[in-house]
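All residue numbers for the sequence shown refer to the working numbering, where the first residue is 1142 and numbers rise by one.
Ideal Cβ placement from N, Cα and C applies to all residues, glycine included.
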Amino acid sequence: MDSFPKNHVLKRYRGDVYYEIGNLQNLFSNMKKEGWTPAHINERIDTYLSEIETRDEFVYKRAYKQFKAGDKKENKIAEERERMEKLRAAVNEFDRFQQLMRSRNRYDFDDMINWVIKAFEEHPSLLMRYQEQFLYILVDEYQDTSGTQNRIVELLINYWEQPNVFVVGDDDQSIYRFQGANVENMTALAKRYEEDLVKVILTNNYRSTQPILDIAKTLIDRNQERLIKQMPGLSKDLISSNGKLTSITDPPNIKEYESMRQEMIGICLEVETLLAKGMMPGKIGIIYKENKYGEALAQFFKEKQIPVYSKRNLNLLEIPLAQRIILFLKYLAAEWDTPFGGEEMLFQILHFNWFGIPAMEIAEITAKVADLKYGANKTSLRKQIREKANAPAADLFSQAPAKGFALVSIAIENLITAIANSSLINLVEQVIQQTKVLGWIMQSPDKHWHLQVLSGLFEFIKEEARRNPHLSLEQLVNIFSLMEKEELALPLVQVSGTEKGVNLMTAHGSKGLEFEAVFFAGCNASNWEKKRKPGGGYQLPDTMFSTAPVHSEEEELRRLFYVALTRAELQLQISFSRFKNDGKPLEPTMFLAEILEQHSLGIQPITLAQDALSEFALLDFETELAPEIAKMEADFVSRMLEKFVMNVTALNNYLKCPLQFYYQNLVRVPSGKSEATEFGSAVHYALEKLFSKMQEREKFPELKEFMDDFEWYLHRHRENFTKEEFNRRMEQGQIVLTEYYQYYLNSWNKVVAVERTIRNVVVEGVPLKGKLDKLEFDGTNVNVVDYKTGDIEKARKKLLPPDDKEPNGGDYWRQAVFYKILVDHYDQKNWKVVSTEFDFVEPDKKKQFKKEKIVISPADITTVTQQIKTVWKKIQDRELYTGCGKSDCHWCNFVKENDMAVALHELTDPDDETVE
C-alpha cells in the first residue's frame, strides 16, 4: 500500500492509513478460495454497472419530492458506481500482491490448493495418475467447500461418466461463509450427474425431541437458499427417532427477563436446579452469540461455585501480561537506539505489578523530571530511578527508596548491555529472569494461565528467531508493532474450567455438539440481526453468481440460530431481556417472532425475587466505575500547584477526566510524538514562517519557499517517523499545502500577529495563559485563527456549544471562548476578539477547504468563565484523584489495569457532572 500512486482510490494519508489491509486480505483470500481472476471480477463488475440504471432499486417507484415515478436515483447510482470502482481498484492489486508474495518466498494455504489445480490442469498425465489412485472419493461437510476445493474434486472425478463419489452435507448448517457459491457447488454437482445421482435425505434425527425439531424446521423453512427449494423431490422434515426421546413432548420454553443481568442470574439459578435434580454439569450447554456474554455469565456461575468449561480463541497480543513484556522489549530497543528515547514507556513500566513500586513515588519522581526538563540540570526518568535506587536513607528515621526502583534500574542497565552481547533468545530469557516477572507469575492465583501466555509469547519469539537467525531486538519489536497496527492476531486458546463443568460457548462454537439441556441466551435483536457490523469490506456484485443471493446475511444468521436450537436433546430454553442493564429498551430477535408465528409456545415473563438478586449484588459488570487513586503528599501537590496557570488544554483535560489532568498537567507524564502530531507541527511551523516572512517582506514567499520550510521541519524531526510514515507524510504535505497555498494566497489578511503567547492574565482570581497560532486584525478587533490538521468531519462535534448530550460543550467551542476571554483581559493591548476561526488545513471529502468561524456570545463567555472558576476551585481543593470512569478513558483504564485504584465509585448522573 505504501507504493500506491498518489491518486489511488485506496490511498489514505491520515487516520488509519492501512485501513484497507484487512479488506484486501479478505478479498484476495476469497479470490483464491473461489478461483476468481481479476479479469473475471472486472467483467462481472462491468455487467453489473451496465444494468443498475434499469434495476428497480435504482429507480423511483413513486413520486418523491422533486422526482417522478420512473426517475433514476442518480445519487444512489453514483454511490454504487463509486463502490464498484473501489472494488475494482482492490481487485486490480491482486496480481501485484501475488508477485510480492513470490518475491519474498511466501505462500498461504489457498495458494497450495491453487498450485494443485494448476498442476492438474497443465499436466494431464499427473492428473490421470491421481485419478487412477483415488477411485472412491468421500467429501464430508460439502456445504463448507470453497470453489477451489470443489474444483479439485471435479478434476479428480471428471475422467469417469459415472464416478464413485459420495458427498455428505447439510446446507442448513453452513455458518462460516456466504452461501451463494456453496449452493452452486452442490446444485452444479447434482445437475452434472443428474441421471446417475442417488440422493439420500437423512430424515431420522437421533439427537432431539420432536418439539425441538419442529420449531427449528419452522425457522429454517424461511430460507430460500436451500437445496430442497432448488432440487425437486427433496424434503427435510426431520423425525425424532431416538427411542428414549420419542415419548417426550415438552415444548421448548421461551423466557423474558427484566434485564440482561437478571437473565444471567435466572439461567444460573435454573442450572443450579438441574444439578440438584442429578443432571451432570457436562450435560448442560449455555449458548450465546458473543464471547463477552459468556465472560460475564461465567462470573455468576463462579459466585454459585458451579463448575464451568469454556474454550476461547484469543489474541495473545491483547493479553495484558504479553503486552507488558512486549512494552519492556520496545523500551529496551528505544533506549538502545537513542539513549533516554523511551521515557514515555518507562513511566508505564514502573507501574508493572512485579516491581511493586507505589504509584505515589512514581508520580513524584516523574513530576521532578518534568520540573527539571528545561533547566540546566535537565534529567530523565532513567537517570532519576538510578539515583533513587542508589541513594541511602537520609537518616535512621527516613524511609529507604522502594526496592522496586533498584530492581528496575539494575534490570534496565544490565539488559541494555546484554543487547550487544547476547542472542535475541538469550536476551528475552534474561528479561524474564531479571525483571522477576516469573516469580510474580508463580505467586499469582492465575499462574497456570499466565504461564501459558508467557510460554506462547516465548515460543513465537523463538519461531521468529528460527526463521531469521540474525533477528535483532529492533526487528522483533517492529514485528510486534506491525501485528498490533494491522490487528494481526497471535492465536492462543484459553481453556477455562474442567470438561466436567457446564459448557459455555458461542453459537458458532456449538456446531457439532449436543447437550441434554440447552439454555440459548441473549436472543435479542441487538445481538443478532440488529447487531452493528464492523465497517469496511468490499461487497461483490450479485452478477458474480448465477443466482443472486437473497438476503444472504439474514439467511446466514438464521442458519446460525438453527444450529444453536438443534444442539438440544431433551430441554431447550430460549431467553431474552426487556432492557439493558442501564434501562435502555431491547427487543427480541426476529427469529423468535418467526417461530412464534406457527407455534403457540407463549412467552414467560420472569421477574426474580429480591433475595435472588441480592445474592449477586457484588457482580455488576456494565456499571462504569470511576477509579480513585492514592492521594499524594499535600506538600508535594502544593509545590506543583504553586506555579500552575490555567490554559485551555488543562481546562479541557480536567473536564474530560480529573485523572487526565492529574497525569498530563500536574505529574506531566512523558509522551512520545506520534506521526500525526509531528505532521501537524510541521504544518504549523511552515505557516508560522510563511506569515513571519510576509511581515518582513510585505509580501508572501513563493510556494517553493513555503514547501521548503515544511520539508525542513520534517527532516529535522525525522527520528519520529518510520521510513513509510515519513514518505507518506511528506507526500501528503506536498499535496495538501500546495493546494492550500494556491487556494488562499490572494485572500489572506496581511495584518496579523503569529504564534503569540499571552500570559499574566487573571480572570476572577484565576491566572490564565495561552499561545495563539494567529491573530488577524481589523483595527483593534481581532479574529483569532487556530490551525487544525486532520479530518474536519471528526472535528464537527468539538465545535458545538453545550447541549443535552454534551452539557459542557465541545473542546473547540470552549477553546474559542477561552481565547476571547484571554485576549479581552490582556491589559497590555487594547484588543477585542470578535470571533475565533478554526482553519482546517486539509480539505474535506469533497476536496474543499473549510474554515469554521465561531462568533462568541455574552452567554458563551459566562458559561466558560464559570467552567474556568469551577475547575480552578476543584483543582485547588485537591479534587484530583478520582477519574471519570468512562470505558474509553485512557487514564482510568491505566489505573484499573495496573491495580492502582484504592476505591471504585459509581458514576453520578451526567447532569450532576455539568460544570456551570
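### Task
Mark Trp1954 as exposed unless 16 or more other C-beta atoms lie within 10 angstroms of its C-beta, in which case mark it buried.
Taking the first residue of the sequence shown as 1, we reach residue 1954 at position 813. Answer is buried; the Cβ neighbour count reaches 16.
### Task
Look at the alpha carbon of Pro1726 and the alpha carbon of Trp1669, and state the distance between them as a whole number of angstroms.
Counting from 1 along the sequence shown, the entry for residue 1726 is found at position 585. Counting from 1 along the sequence shown, the entry for residue 1669 is found at position 528. When rounded, the separation of the alpha-carbon atoms in Pro1726 and Trp1669 is 16 angstroms.
### Message
Taking 8 angstroms as the cut-off, does the segment 1783 to 1798 touch the segment 1914 to 1932 (at least 3 CB pairs, one atom from each stretch)?
### Response
When Cβ pairs closer than 8 angstroms are counted between the two stretches, the segment 1914 to 1932 is seen not to touch the segment 1783 to 1798, the count staying below three.
### Message
Just to confirm, is the Cβ distance from Leu1268 to Arg1222 under 9 angstroms?
### Response
The sequence position of residue 1268 within the sequence shown is 127, counting from 1. The sequence position of residue 1222 within the sequence shown is 81, counting from 1. Against a cut-off of 9 angstroms, the Cβ pair of Arg1222 and Leu1268 comes out as no contact.
#### Entry: CA-to-CA distance, Asn1644 to Glu1192, given in whole angstroms
In the sequence shown, residue 1192 corresponds to position 51, counting from 1. In the sequence shown, residue 1644 corresponds to position 503, counting from 1. Between the C-alpha atoms of Glu1192 and Asn1644 there is a straight-line separation of about 50 angstroms.
### Task
Entirely within the segment 1599 to 1685 and at least 4 residues each: give me those alpha helix (DSSP H) ranges in chain order.
Runs of the alpha helix (DSSP H) spanning 4 or more residues and lying entirely within the segment 1599 to 1685 occur at 1614 to 1626, in chain order.
### Task
To the nearest angstrom, report how far apart Val1280 and Ile1566 are at their CA atoms.
Here residue 1280 refers to the residue found at position 139 of the sequence shown. Here residue 1566 refers to the residue found at position 425 of the sequence shown. Distance from the CA of Val1280 to the CA of Ile1566, rounded to the nearest whole angstrom, comes to 44 angstroms.
### Message
Relative to the C-alpha of Val1200, which candidate in Ala1219, Ile1186, Lys1377 has its C-alpha closest?
### Response
Here residue 1200 refers to the residue found at position 59 of the sequence shown. Answer by Cα proximity: Ala1219.
### Query
Going along the chain, which residues of its own chain have a beta-carbon closer than 6 angstroms to the beta-carbon of Phe1990, five neighbours each way excluded?
As a first step, residue 1990 must be located in the sequence shown, where it is residue number 849. Answer for Phe1990: Tyr1884, Pro1984, listed in chain order.
### Query
How would you call Trp1256, buried or exposed, if buried means at least 16 neighbouring beta carbons within 10 angstroms?
Along the sequence shown, one-based indexing puts residue 1256 at 115. By the 10 Å Cβ count, Trp1256 comes out exposed.
### Query
Is the segment 1645 to 1653 touching the segment 1464 to 1471, taking contact as three or more C-beta pairs under 8 angstroms?
As far as the Cβ criterion goes, the segment 1645 to 1653 does not touch the segment 1464 to 1471, which means the pair count is below three.
### Message
Less than 6 angstroms between C-beta atoms, sequence neighbours within five positions excluded: which residues of the same chain meet that for Leu1706?
### Response
Taking the sequence shown and counting its residues from 1, the one referred to as residue 1706 is at position 565. Only Ala1357 meet the Cβ criterion.
### Query
Nearest to Thr1387 by alpha carbon, out of Gln1836, Ala1630, Thr1350?
As a position in the sequence shown, residue 1387 is number 246, starting the count at 1. Comparing Cα positions, the closest option is Thr1350.
### Task
Kindly indicate which residue of Asp1362, Glu1476, Ile1560 has the alpha-carbon position closest to the one of Ser1521.
Your numbering for residue 1521 matches position 380 in the sequence shown. That would be Glu1476, whose Cα lies nearest to the Cα of Ser1521.
#### Entry: Where the alpha helix (DSSP H) containing Lys2081 begins and where it ends
Past the edges of the chain, shown from 1142 to 2057, lies residue 2081, and the structure says nothing about it.
### Message
I believe Lys1227 touches Val1150 by the beta-carbon criterion, under 8 angstroms. Please report the beta-carbon distance rounded to the nearest angstrom.
### Response
As a first step, residue 1227 must be located in the sequence shown, where it is residue number 86. As a first step, residue 1150 must be located in the sequence shown, where it is residue number 9. About 5 angstroms separates the two Cβ atoms, so the contact holds.
### Task
Evaluate Pro1146 with the Cβ neighbour count: other Cβ atoms within 10 Å of its Cβ, from every protein chain shown; 16 or more gives buried, anything less gives exposed.
On the sequence shown, position 5 is the one that residue 1146 refers to. Taking all protein chains in view, the Cβ of Pro1146 is surrounded by fewer than 16 other Cβ atoms within 10 Å, so the residue is classified as exposed.
### Given Met1685 as reference, the closest of Arg1185, Glu1816, Arg1153, Met1142 once Cα atoms are compared
For the purposes of this step, residue 1685 is taken as residue 544 along the sequence shown, with counting starting at 1. Across the set Arg1185, Glu1816, Arg1153, Met1142, the C-alpha of Arg1185 shows the shortest separation from the C-alpha of Met1685.
#### Entry: Length of the line joining the Cα atoms of Lys2014 and Glu1783
The count along the sequence shown starts at 1 and reaches residue 2014 at position 873. The count along the sequence shown starts at 1 and reaches residue 1783 at position 642. CA-CA distance, Lys2014 to Glu1783, rounds to 14 angstroms.
### Query
How far does the alpha helix (DSSP H) with Asp1252 in it reach, from first residue to last?
Counting from 1 along the sequence shown, the entry for residue 1252 is found at position 111. Here the alpha helix (DSSP H) through Asp1252 covers 1250 to 1263.
### Query
For the ligand FAD, is there a heavy atom less than 8 angstroms away from the beta-carbon of Glu1783?
The ligand FAD is not among the ligands present in this structure, which contains no ligands whatsoever.
### Task
May I have the straight-line CA-CA distance separating Gly1906 from His1591, to the nearest angstrom?
Locating residue 1906 in the sequence shown gives position 765, counting from the first residue. Locating residue 1591 in the sequence shown gives position 450, counting from the first residue. Distance between the alpha carbons of Gly1906 and His1591: 53 angstroms.
### Beta-ladder partner(s) of Thr1898, from DSSP
Counted from its first residue, the sequence shown places residue 1898 at position 757. As computed with DSSP, Thr1898 is found in a beta bridge with Lys1912.
### Query
Under a Cβ-count criterion, where at least 16 other Cβ atoms within 10 Å of its own Cβ denotes burial, should Ser1741 be classed as buried or exposed?
Numbered from its first residue, the sequence shown carries residue 1741 at position 600. By the neighbour-count criterion, in which 16 or more other beta carbons inside 10 Å mark a residue as buried, Ser1741 falls on the exposed side.
### Query
Is Ala1630 buried or exposed, if buried means 16 or more other CB atoms sit within 10 Å of its CB?
The sequence position of residue 1630 within the sequence shown is 489, counting from 1. Looking at its Cβ environment, which holds fewer than 16 other Cβ atoms inside 10 Å, Ala1630 is exposed.
### Query
Counting Cβ pairs closer than 8 angstroms, one from the segment 1476 to 1488 and one from the segment 1807 to 1826, do we hit at least three?
Cβ pair count under 8 angstroms is three or more, so yes.
### Query
Tyr1515 by DSSP, collapsed to three states: which one?
As a first step, residue 1515 must be located in the sequence shown, where it is residue number 374. Coil, per DSSP.
### Message
To the nearest angstrom, how far is the alpha carbon of Leu1330 from that of Glu1627?
### Response
The residue you call residue 1330 lines up with position 189 of the sequence shown. The residue you call residue 1627 lines up with position 486 of the sequence shown. When rounded, the distance between both Cα atoms is 39 angstroms.
### Query
With a Cβ-Cβ cutoff of 9 angstroms, do Ile1715 and Cys1664 count as a contact?
Indexing the sequence shown from 1 puts residue 1715 at position 574. Indexing the sequence shown from 1 puts residue 1664 at position 523. Note that the C-beta distance between Ile1715 and Cys1664 is below 9 angstroms.
### Message
In the DSSP assignment, the beta strand (DSSP E) including Ala1210 goes from what residue to what residue?
### Response
If you number the sequence shown from 1, residue 1210 lands on position 69. Per DSSP, Ala1210 is not a residue of any beta strand (DSSP E), being assigned neither H nor E.
#### Entry: 8 angstroms contact criterion, which His2046 and Glu1769 should meet: CB distance rounded
Mapped onto the sequence shown, residue 2046 falls at position 905. Mapped onto the sequence shown, residue 1769 falls at position 628. About 6 angstroms separates the beta carbon of His2046 from that of Glu1769, a gap short enough to meet the 8 angstroms contact definition.
### Task
Pick out the complete alpha helix (DSSP H) segments inside the segment 1178 to 1240, 4 residues or longer, and give them in chain order.
Restricted to the segment 1178 to 1240, the alpha helix (DSSP H) segments that are unbroken, complete and at least 4 residues in length are 1179 to 1192, 1215 to 1232, listed in chain order.
### C-alpha gap between Val2132 and Phe2035, whole angstroms
Nothing can be reported for residue 2132: it is not among the residues displayed for the chain, which extend from 1142 to 2057.
### Task
Could you tell me the distance, in whole angstroms, from the CA atom of Val1975 to the CA atom of Lys1939?
Here residue 1975 is taken as the residue at index 834 of the sequence shown, counted from 1. Here residue 1939 is taken as the residue at index 798 of the sequence shown, counted from 1. Rounded to the nearest angstrom, the two C-alpha atoms are 20 angstroms apart.
### Task
Could you give the DSSP three-state label for Thr1790: helix, strand or coil?
Locating residue 1790 in the sequence shown gives position 649, counting from the first residue. Helix, per DSSP.
### Contact the segment 1614 to 1623 vs the segment 1387 to 1396: 3+ CB pairs below 8 angstroms
Taking 8 angstroms as the limit for Cβ pairs, the verdict is that the segment 1387 to 1396 does not touch the segment 1614 to 1623.
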